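Going by my numbering, the sequence shown opens with residue 130, and the numbers climb by one from there. All residues carry an ideal CB built from backbone N, CA and C; glycine is no exception. This structure is a prediction, so every number in the text was calculated from the model and none was measured. Notes to accompany the following structure.
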Amino acid sequence: MNRKLSKPFLATAILLSAPLFAGNAMAAPPTSIVGTWTIYVNQTIKTFVVSNQGAQGTCKVLVATLSGWPTSGWYCPADGRLHFIKKNNNGVPIKTFDGIVAGRVVGSPDRMTGTYASDYGPTQAFGYYS
Numbered sequence: 130m131n132r133k134l135s136k137p138f139l140a141t142a143i144l145l146s147a148p149l150f151a152g153n154a155m156a157a158p159p160t161s162i163v164g165t166w167t168i169y170v171n172q173t174i175k176t177f178v179v180s181n182q183g184a185q186g187t188c189k190v191l192v193a194t195l196s197g198w199p200t201s202g203w204y205c206p207a208d209g210r211l212h213f214i215k216k217n218n219n220g221v222p223i224k225t226f227d228g229i230v231a232g233r234v235v236g237s238p239d240r241m242t243g244t245y246a247s248d249y250g251p252t253q254a255f256g257y258y259s
């Protein structure tokens, strides 16, 4: 008995089964990121608290703090893009964060990751993640 599968048969099987496995990979990001996030910023644990997320527009305005420091920015629920700026006590921007919130996977915590640049040091980008 010949147990070899033909290449066209294998190709068809892979194409037809792809949607079964793509569901989680294509999951939509959460509609809201309001809440407390523990993020790792350049190997340091920080608390990112989003206290308010606007209701208007494609990208929502954020009011937040990063380890107690005033922070503002925006979040786009449609694609998960995130941007926020940490300010000093005088309201002057000192760090700029850009990133993405991963698509929601049932049973797993939400995740965010990205890079930030600091006005205090070299102009290179550093990483952060939750």
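Going along the chain, which residues of its own chain have a beta-carbon closer than 8 Å to the beta-carbon of Gly220, five neighbours each way excluded? Pro199
Close beta carbons around Gly209, own chain, < 6 Å, minus the five adjacent residues each side: Pro158, Ile229 and Val230
With a 10 Å radius around its C-beta and 16 neighbouring C-beta atoms as the bar for buried, classify Ile223 as buried or exposed. exposed
Rounded C-beta distance between Tyr204 and Ile174? I'm assuming under 8 Å. Not quite, the Cβ-Cβ distance comes to about 22 Å (not below 8 Å), so this is no contact.
Out of Thr187, Asn218 and Ser196, which one is the CA nearest neighbour of Ala207? Thr187
Among Gly232, Gly197 and Thr225, the one whose alpha carbon lies nearest that of Asp248: Thr225
Alpha-carbon to alpha-carbon, Asn217 and Thr194: 11 Å
For Thr242, which three-state DSSP category applies? strand
Per-residue burial, Val235 [other beta carbons within 10 Å of its own, 16 or more giving buried]: exposed
Paired residues, beta bridge with Cys205 - DSSP: Arg210
At 4 residues or longer, and completely inside the stretch 172-205: list those alpha helix (DSSP H) runs for me, N to C. none
What residues in its chain sit with their C-beta under 7 Å from that of Phe177, if we drop five residues either side in the sequence? Trp166, Ile168, Ala193 and Leu195
Backbone CA spacing between Gly256 and Gln172 [nearest angstrom]: 9 Å
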